[in-house]
Structures are given as structure tokens and as C-alpha cells.
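J.: Read top to bottom, the protein sequences are chains A and B.
Each residue of the first sequence is one higher than the one before, starting from 1 at the first, in the working numbering.
Each residue of the second sequence is one higher than the one before, starting from 452 at the first, in the working numbering.
Note that beta-carbon positions come from the ideal geometry of N, C-alpha and C, so glycine has one too.
Below you'll find the structure I mean.
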Amino acid sequence: MSKTIKLKKGFDINLAGKPEKKISEVSLSETFAIKPTDFPGMERPKMLVKEGDTVKAGSPLYFVRGIEDVKYCSPVSGEIAEIKRGEKRKILEIKILADKEIAFEQFKSYSASDINGLSREDAVEQMKSSGVWQNLIQRPFGIVANPEDKPKAIFISAFDTNPLAPELAYQLGDKAEFFQTGLDILKKLTDGTVHLNIDGQAEVAQVFAQANGVEINKVTGAHPAGNVGVQIHHIEPINKGDIVWTVTPYGVAQIGQLFAQGKYDASKLVAVTGSEVSTPGYVKTYIGAQIKSLTEATGNLRFISGNPLTGVNVGKDGYLGFYHNQITVIPEGDYEEFLGWLKPSTSKLSFHKALGLLSFLNKNKEFKIDTNTHGEERPFVVTGAFEKVLPMDILPTYLFKAILAEDYDEMEALGIFEVIEEDVALCEFIDPSKNDLQEILRDGIELIKNS
Amino acid sequence: MKALQKLFDSVKPNFEKGGKWEKFYTLYEGHRTIVFAPDILTKNKGTQIKDAVDLKRVMITVVIAMIPALLFGIWNVGHQHFISVGEEATFLDKIITGLIPVIPILIVSYGVGLLTEFIFCVIRNHPISEGFLVTGMLIALVLPPTIPLWQVALATIFAVVIGKEAFGGTGMNVLNVALTARAFLYFAYPGQISGDSVWVYLGGKEAVDGFSGATVLSYGPTAIANGTNMMAEVGAHWYDGMFTWMNMFIGAIPGSIGETSVLMCLIGAAILIGTGVGSWKIIFSVFGGAYAMGLLFNVIGGNPYLEFPAHYHLVAGGLAFGAVFMATDPVSAAQTEVGKWIYGFLIGVLTVLIRVVNPAYPEGIMLAILFMNVFAPLIDYYVVDANKKRRLKRATV
């Protein structure tokens, strides 16, 4: 039974530099990188390759202790150029010098009728060894799913409400044709329902409207309505002991393509966004591309892999994160502003309306925003603000305080199983006390996970 | 601007590690961030962009909201002075006369308070917090114009040290800091902050015959004691029309500096609510609670004070000021949205209860807010508990 969910809370951050639906030609990145740090809680890799080895797209690079048969695979073919280590020899990046023509590792391909008869075990086996398994994210905790588990449901959010986010149907590109095959595979993984949650306010793309065998739910509202965690909370909330999985539409299509064509195709349309990009749009590349291959912007800028709320500052020489389908380029904010805390302004974006913050007068304006924090860190003082941007029956301030106090029972009781970083990112943005709420939440999740 | 930045840069080495004033780094930083919004960048992980709001802006919004009450208070101190000594005076005379007692009180409360804060910040190596911007103004506005300045200083120190820093500083206090100052004076030096003679600034002059500087709330206990008609006595004030409902609403009556005018408090409330800085739920429910309790007492009746009309309770004493500026202090108030309704309503109820039933404390709002400050965590506890129970209940369905 599909549901319609109307969310009243939230806030759309309207920024300049939204991607236009146009694919620009760029020359392929010379190197690509897989970063173990992109997979929370899966940061102790055991290498299967060494520098100088040659790999194909889909060749295993490493696995993680504990879930050994899930392989982390190369997105492209080429030569392992460098295994970059940080403090305590922690592996940060596995860089691959890419071939001009990508060669693929061959996996088994199935016709449409074969897929119907395919068993869960065989499907899981193929996914684990080919690099697509990582598309399945487990809730609670927001970590790569464990193949031993059987989730009670699988959730796919078909729209992204983050600032400057790509349109997910368009971003599928030529992978759209494999979306249904992907759904057919996902249905084998759970005895429960596969939920496809679409934007109730926009026209629904064909690829989602025609989806078969899944429950299509409509969700309307401002950001974070597109966050899968918020959707789960209203459709089939996670209780203690429950496990559900989430996948992005891109992940679904990539899984479908694996079974339809027998290859791990890491090609991806990436939205190049932000006020400092001359022509924001889409480019075609592969997972792990170097940022400088995607944009020509230069200057005192921040290059973010992902969107401005949950992304990572990787720098121009850095690499696109595994799950990211967007880069954002905005100015750095390393300047002092005379009486900046007092001056009235219509050009500074704010959720609040405190003295002189007039951005609410012009809701349709696209704001140019930089990386200045606009203030120093302070204890929690203002109350009731987080609640206005988190459309869940959760009391964020109390949850954060429970985490800071390392009170496990309180964290559980207050709903830590239901949220991951992206769900509180908007709280972090609007926080007048400038606390690092996403980091606090991840610390809490790690505490609970390891308890 | 550049010159100012250079000036700060030139003294900065003295405050950095190894510099001769390194212990005072927090003072340097505190002053620099007031003049210049800092050049801090968002971290590599986490939100890459931040809202333009910060705590300084939130606090200054509250200060601005209090300005109407302050300006009116200055005029009213002058106004009360001239009618009490029986002289005609122009608007400007009243303002100037009002400034004489008010400005020193403001200077002392801000000066002493900030100094105490600075000392604590240096000792504890905390950043200087902007909370005192509001507290300093609040303390001045809730004191009578005749208060001795040394008492202002003592109360401010007490409030900052015992009321706030002892609990860990800004954001950690249990009680409203400004009310802690007032309560301290109320119990330590009642002679200068209660009774009938402290609310009007006479400035050494003789008052007119028949003069009484009593506030309307002190008529209640008197009427009960003498068995007289309270409203008739209120109506027969020596200065014609002093305690009409409208005059009390406007605020041209004796009282603490900033709290007499309900109108100005409502303008402040409009600023706080419009900017989203103050909780409309708390403001609204304090008035609601007071009115409901007033009505209940009217129905019960039996003595003149119980029959004091409910709508008069709303304009008497400091109820409006407390509701708008004190009860809404986010740190000491209830922090859950449901809790805010309960918290505000009970403040209103308790205020009227204390006023009417306990004649020893004519001004109920101060004690009502402090009392509910203490109970706010308990209210929140039950609201949070209900949230947890909803989550547990879901699991068994």
C-alpha cells in the first residue's frame, strides 16, 4: 500500500549554480581513487593489490576484516599508481592510473527470464565479488550492508533535496534502462517491501513511474524530505533490532547493469555545481575521478565532493567520493567582516530572521554562499530551532546531549538508530552555536555500534 | 577598517602563546570578534556552509527588543518625579531627569558584570560569551530607580558568579541570571527594593501632600488588612487617573525602571516573535496562565484582592516584562516545545497565586519564574519521556 507523506518542517537552501540538464564533454581523468574513508566503519582495509599491479574495472582492490567476501573493486582498468597512507599507516587512497579504453572484468550475465529464476544466494554472491554490493547501506548506522543480514525492507529515495543536488532520474543517464533489472534483484534480497519514494511535488520521471514490483510512495516537503532516513521514519520506522537497507537510484541501476551485462560499470554522470562553476551541468566520468578533471574553476575556492551540507572538502587535486554524484565549487570565506554579526543583509542566507537577517524576504533568490562559519562555536543556547528543520519525531538537542554524555541508554531511547549524518546536516547548518553536529552524531553511532 | 585590523594584528603576538599577556588571549579574541566577524572556515568534513546567524546576533536582537522599554522607562522615571514633586515639566525635562538615575545603574550593571565575566573567562580560558549583553540590560531594567549603585554592583557580581559561572557559564545556568540578581537584592536588602517609597525617584525634593509611591499591587494586602474596597482605593489615587487600566497598560506608573509599560513590552514581544528569537508559546501562555488564575480567583471571591479583576493582573507589576524578556530566556526555560506551553502557563498561574495569596511578596512574577526555572528540567523530562515511550510503543506494534 503506497503512502503519501506531507512534511511541513524543513528548509530549502536555495543556492546559485544549480546544474543544468546538459552533459559537457571533458577529457577523462588520468587517475582515479578509491578511498576506504568513504565507507564509515569500514576503514581497516586488507589490500589485495600492490603498487604496479594492473587491474580491470571490477577487479578487487581490498576487503575489510569482518565482512571478508565483500570486495572493494576498481572503478576503471589500469595500473595501481599509489597506495597513499596517512598517520599510523592508515590507507587513505588507492590511486589507479587509468587506461584510455576501459577493460572490464567479466561477470556472469543474465537474460530477463534468467533473472526471474535467479536465487538470492547467487545474486548476493555476484554482488559481493563485483563491487556493487557497497551500494547497499544498512540502517541503523549508515554503514555498508552485511550480506549475512536479511533486511525487513529496502528503501530508495528517488529525489535529492540537498542544495544544488542533481536530478536523480537524469543523473542515471544511459543506466536508466537497467533500473528495473536492479529492482528485480533487490526484491530477492528482502522478504519485505522495496519502497521507491518519489517527489510528490515534481513531475515523475518515466523510469520511476514505470517501476514494477515496488511500492511507490509520494513524499512532499522542503529539504530533508528527500533524505531516505526521513522517509523511512514516516513509512516503516526502524526500531531496536530492525535492519533496513537503503540504495540510491544510481546504485539500483548499477546492480541491474551488473546482472544484465555482466560487468561492473562505474561510469557515472556527475553534477558539477556551485556559484564558481562557469556552466553548471553534468559530466560523464567514473567513480573516483579526480576533481580537476571535472571543472576548470580556479582561485581561492573550495572543491567539495558531494553537496554543501554533507560533502567533503577534497581540494582540486582530490577525488570524487564513492557515493557522491555531485561536486560543488564555492568561494572560501577566509575574511574578517567589520561588524559582520550586526550588519543587516539581504544577501546572506539564513534560516533565521534575527535582527538584520533579511534573506527570508526573498525566497526565490539564489544565494551565493562561502565557507565562512559566520561566528564562533558556543554552547547550546537557542532552543526549538533544530526541531523546525528535522521532520521526524526526534528531539535532536537531547540526542546530541546524550551522545556528548556517552549515555548509551539515552541515545537508544532518543532514536539514534533512525538517523545518520545527512539527517542532521540541516540542523548543523542553521545552528547559531556552530556545533559540529554531524561529527557528534557519527561519534555516537560508533559508540553504539561498538558497544 | 584595514587600520583597525592592523592594530589588532600588531598587538596579537603579545596574546599568543609565549607572549607577555598570553593568559589574556580570550580577551583579545573576544574584542576582535566583536569588531570583526571572524575568518573561521567550515571544517573539511561536515557542513561546508553555515547559516549567517550567530549567538551575537541573537543576543543583540533581544537587546534591541528591550530598547523601547528602556526609553519609556527613562521618560517615566522623570515623569513620576515631576508629578510627585508637583512640578510642571516638559518632555525633555522628564527625559533628562530620568537619565540621572538610570544611566549610572546601566553603567554599573554592564561594567561590573562584564568585568566579572572577563575575569572568569581568563581564569577558565573560556571564550567570552555574548550572553551578558542581555543580562546587563535586564538587571538595570528590573531595579527601582532609587537603588543604591553599590547594591547594583553586588547583585550583578552575585548573579554572574553564583547564578551562572558556578554552573559552568553561558548555556549551563539553571536560573535566569538577571532574576538571580534581583532576588538577591530582594532578600538581602529588602528596604531598597520593596515597600512604597522606592519606586519614585524624588532626587532629594519634597513630595506633594498626600503623595504615595505605592504600586498597585500593594493596595491588595492593605485592603485585606483594613477590610476596605481595593478597587475603590485604587481609583481614588492621589494623582487622578494613575491606576486606570489604560494608564497601567501604557505604563506611566511607579515601578522598576523598565517594567511598568505593558505597551513597550508588547513592542518588544513583537520584535522577539517576529525575529523568531523569543518563544511566542511562552509569552502567550504566561499571559494566559495569569488571566486564567485571575478569573478563577474572581469566581472564588471572598476578599478584595481575590476580586481584583483578572485583566488588571495582566497590566500590574512586572508580569508583562517577565513574560516577554525573562521567561523566554532559552537556557533557563523549558526546552521542549510542549514543555514551553506548560512552563509559561504555570508561571502565569504562580505569579497571580503569589501576588494574591502571599501578601509578603507583592511582586509574584520574579519568584514564579525562578520557581519554574527550577522545574523546567522536570517538565522537559516528562516531555522527553513521552517521546521515548512513543518510540518503544511503535516497536511492539
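Locate the beta strand (DSSP E) running through K474/B, then write down its first and last residues.
T.: Within the second sequence, residue 474/B is the residue found at index 23, counting from 1. From DSSP, K474/B is part of no beta strand (DSSP E); its letter is neither H nor E.
J.: Let me know the secondary structure DSSP gives L550/B once reduced to three states.
T.: On the second sequence, residue 550/B is found 99 positions in, with the first residue counted as 1. Here L550/B sits in helix by DSSP.
J.: For chain A, is any of its Cβ atoms less than 7 Å away from the one on R508/B?
T.: What you label residue 508/B is simply residue 57 of the second sequence in a count that begins at 1. Chain A contact via Cβ: present.
J.: Could you work out which residues of chain A lie near L626/B, taking near to mean beta carbons separated by less than 9 Å?
T.: Locating residue 626/B in the second sequence gives position 175, counting from the first residue. None at all; the shortest Cβ gap to chain A is about 15 Å.
J.: Cα separation between I430/A and G226/A?
T.: Translated into positions along the first sequence, residue 430/A becomes position 430. Translated into positions along the first sequence, residue 226/A becomes position 226. I430/A and G226/A: Cα-Cα distance of roughly 18 Å.
J.: Which of the three DSSP states is assigned to W601/B in this structure?
T.: By 1-based counting over the second sequence, the position of residue 601/B is 150. It is helical.
J.: Check P60/A in the structure and name its three-state DSSP category.
T.: One-based indexing of the first sequence puts residue 60/A at position 60. Reduced to three states, the DSSP call for P60/A is strand.
J.: Is the CB of F380/A under 7 Å away from at least one CB in chain B?
T.: Start at 1 with the first residue of the first sequence, and residue 380/A comes out as number 380. At least one chain B Cβ lies under 7 Å of F380/A.
J.: Please state if the CB of Y794/B and the CB of I805/B are separated by a distance shorter than 7 Å.
T.: Residue mapping note: residue 805/B aligns to position 354 of the second sequence, counting from 1. Residue mapping note: residue 794/B aligns to position 343 of the second sequence, counting from 1. In this structure, Y794/B does not lie closer than 7 Å to I805/B by Cβ.
J.: Find the residues of chain A that neighbour F694/B, judging by a C-beta separation of less than 8 Å, and give them in chain order.
T.: Residue mapping note: residue 694/B aligns to position 243 of the second sequence, counting from 1. Residues of chain A passing the Cβ test: none, with the nearest at roughly 35 Å.
J.: Please list, in chain order, the chain A residues whose beta carbon lies closer than 8 Å to that of M623/B.
T.: The sequence position of residue 623/B within the second sequence is 172, counting from 1. Those are P379, listed as they occur along chain A.
J.: Between N495/B and chain A, is there a C-beta pair that is closer than 7 Å?
T.: Stepping through the second sequence from its first residue, residue 495/B is reached at position 44. With 7 Å as the cut-off, N495/B counts as an interface residue toward chain A.
J.: By a C-beta neighbour count over all protein chains shown, 10 Å radius and 16 as the cutoff for buried, is Q106/A buried or exposed?
T.: Translated into the one-based positions of the first sequence, residue 106/A becomes position 106. So Q106/A counts as exposed.
J.: For D660/B, count the other beta carbons within 10 Å of its own beta carbon; 16 or more makes it buried, fewer makes it exposed. Which is it?
T.: Here residue 660/B refers to the residue found at position 209 of the second sequence. So D660/B ends up on the exposed side.
J.: Is there a C-beta anywhere in chain A that falls below 7 Å from the one on M452/B?
T.: Along the second sequence, read from residue 1 onward, the residue named residue 452/B stands at position 1. Yes, contact with chain A.
J.: Could you give the residue range of the beta strand (DSSP E) that holds R378/A?
T.: By 1-based counting over the first sequence, the position of residue 378/A is 378. Neither: R378/A is in no beta strand (DSSP E) and is coded neither H nor E.
J.: Taking C427/A as the reference, give the member of A413/A, L414/A, V252/A and T397/A with the closest Cα.
T.: Position 427 of the first sequence holds residue 427/A. Answer by Cα proximity: T397/A.
J.: Could you check if M697/B is buried or exposed, using at least 16 other CB atoms within 10 Å of its CB as the buried criterion?
T.: By one-based count along the second sequence, residue 697/B stands at place 246. Counting Cβ neighbours within 10 Å, M697/B comes out exposed, since fewer than 16 surround it.
J.: So with Cβ pairs under 7 Å, would you call Q786/B a contact of chain A?
T.: Numbered from its first residue, the second sequence carries residue 786/B at position 335. Yes, Q786/B counts as interfacial toward chain A.
J.: Cβ atoms of T802/B and L770/B: under 7 Å apart, would you say?
T.: Position 319 of the second sequence, counted from the start, is the residue given in the question as residue 770/B. Position 351 of the second sequence, counted from the start, is the residue given in the question as residue 802/B. Result yes, Cβ atoms of L770/B and T802/B sit closer than 7 Å.
J.: Entirely within the stretch 305 to 363 of chain A and at least 4 residues each: give me those alpha helix (DSSP H) ranges in chain order.
T.: Fully enclosed alpha helix (DSSP H) runs of 4 or longer: not present.
J.: For A617/B, name the three-state secondary structure that DSSP assigns.
T.: For the purposes of this step, residue 617/B is identified with residue 166 of the second sequence, where counting begins at 1. In this structure, A617/B counts as helix in the three-state DSSP scheme.
J.: Have a look at T373/A, A289/A, L390/A and V419/A and flag the residue whose alpha-carbon is nearest the alpha-carbon of V26/A.
T.: Position 26 of the first sequence, counted from the first residue, corresponds to residue 26/A. Residue A289/A is the option with its Cα nearest to V26/A.
J.: Do A271/A and P166/A count as a contact pair if the criterion is CB distance below 7 Å?
T.: Residue mapping note: residue 166/A aligns to position 166 of the first sequence, counting from 1. Residue mapping note: residue 271/A aligns to position 271 of the first sequence, counting from 1. Yes, the pair counts as a contact, with Cβ atoms nearer than the cut-off.
J.: Could you give the uninterrupted runs of the alpha helix (DSSP H) lying entirely in the stretch 688 to 749 of chain B, keeping only those of 4 residues or more?
T.: Complete alpha helix (DSSP H) runs here, min 4: 696 to 701 and 713 to 725.
J.: List, in chain order, every chain B residue whose beta-carbon is nearer than 9 Å to that of K3/A.
T.: If you number the first sequence from 1, residue 3/A lands on position 3. Per Cβ cutoff of 9 Å: no residues; K3/A is ~16 Å from chain B at best.
J.: Could you give the C-beta distance for I198/A and K218/A, rounded to a whole number, given that I count them as a contact under 8 Å?
T.: Counting from one through the first sequence, the residue named residue 198/A turns up at place 198. Counting from one through the first sequence, the residue named residue 218/A turns up at place 218. 6 Å between Cβ atoms; contact.
J.: Which same chain residues, not among the five before or five after F618/B, have their C-beta less than 7 Å away from its C-beta?
T.: What you label residue 618/B is simply residue 167 of the second sequence in a count that begins at 1. These residues qualify, in order along the chain: N624 and V625.
J.: If you measure between the beta carbons of S707/B and F523/B, is that distance less than 7 Å?
T.: For this step, residue 707/B is matched to residue 256 along the second sequence. For this step, residue 523/B is matched to residue 72 along the second sequence. Contact: no.
J.: Looking only at its chain, what residues have a beta carbon closer than 6 Å to the beta carbon of A222/A, apart from the 5 residues adjacent to it on each side?
T.: The residue you call residue 222/A lines up with position 222 of the first sequence. If we look at A222/A and ignore the five residues flanking it on each side, its Cβ neighbours are G10, F11 and D12.
J.: Under 8 Å Cβ-Cβ, which residues of chain B neighbour D407/A?
T.: For the purposes of this step, residue 407/A is identified with residue 407 of the first sequence, where counting begins at 1. The premise fails here: D407/A is roughly 12 Å from chain B at the closest Cβ pair, so nothing lies under 8 Å.
J.: Please report the Cβ distance between S119/A and Y264/A, rounded to the nearest whole angstrom; I am assuming they are in contact, meaning their Cβ atoms lie under 8 Å.
T.: Working through the first sequence from its first residue, we reach residue 119/A at position 119. Working through the first sequence from its first residue, we reach residue 264/A at position 264. At roughly 21 Å, the Cβ-Cβ gap does not stay under 8 Å, so S119/A and Y264/A are not in contact.
J.: Any beta carbon of chain A sitting closer than 7 Å to that of L492/B?
T.: Looking up residue 492/B in the second sequence gives position 41. Yes, its Cβ sits closer than 7 Å to a Cβ of chain A.
J.: Quick check: what's the CA-CA separation for M359/A versus P60/A?
T.: Numbered from 1 along the first sequence, position 359 holds the residue referred to as residue 359/A. Numbered from 1 along the first sequence, position 60 holds the residue referred to as residue 60/A. Per the sequence presented here, residue 359/A reads as Ser, with Met not at that position. Their Cα atoms are separated by approximately 49 Å.
J.: To the nearest angstrom, how far is it from the Cα of K56/A to the Cα of P40/A?
T.: Within the first sequence, the letter at position 56 stands for residue 56/A. Within the first sequence, the letter at position 40 stands for residue 40/A. Using only the alpha carbons, I get a separation of about 25 Å.
J.: Are V446/B and G654/B touching if we call contact CB-CB under 7 Å?
T.: With chain B covering only 452 through 848, there is no way to say anything about residue 446/B.
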